[in-house]
Amino acid sequence: MTELMRWMYDHYIKPNIESQPIDEGEALQIDLLNNELSPQLQKTLQEVLALYAAQGFRLGVRTGVTLGADL
-1 MTELMRWMYD
9 HYIKPNIESQ
19 PIDEGEALQI
29 DLLNNELSPQ
39 LQKTLQEVLA
49 LYAAQGFRLG
59 VRTGVTLGAD
69 L
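Just so we're aligned, residue -1 is where the sequence shown starts under the numbering used here, counting upward by one.
Next up, the structure:
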């Protein structure tokens, strides 16, 4: 991930994701996963999630630019 995308993830994407409401079922799944993973695997999971979130953000931007004229 580039420095720009890392900055975007840390300062825009991640806070936006974390501010979204989650229901009890989702909270339970997150807690179960975090309780099962070792600290090293939790760190690896966060890095993988950051990569996919940044890629999803980039896809959304490209899609918005492409569809901008049609919207």
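In this text, a Cβ means the ideal position worked out from N, Cα and C, and glycines have one as well.
With the rule of 3 Cβ pairs closer than 8 angstroms, the stretch 13 to 22 does not count as touching the stretch 56 to 64. Counting every other CB atom within 10 Å of its CB across the protein chains shown gives Tyr7 a total of 16 or more, marking it as buried. Straight across, the Cα-Cα distance linking Tyr50 with Met3 is about 11 angstroms. Bounds of the alpha helix (DSSP H) holding Met6 are Glu1 to Met6. If you draw a straight line from the Cα of Asp21 to the Cα of Leu30, it is about 14 angstroms long.
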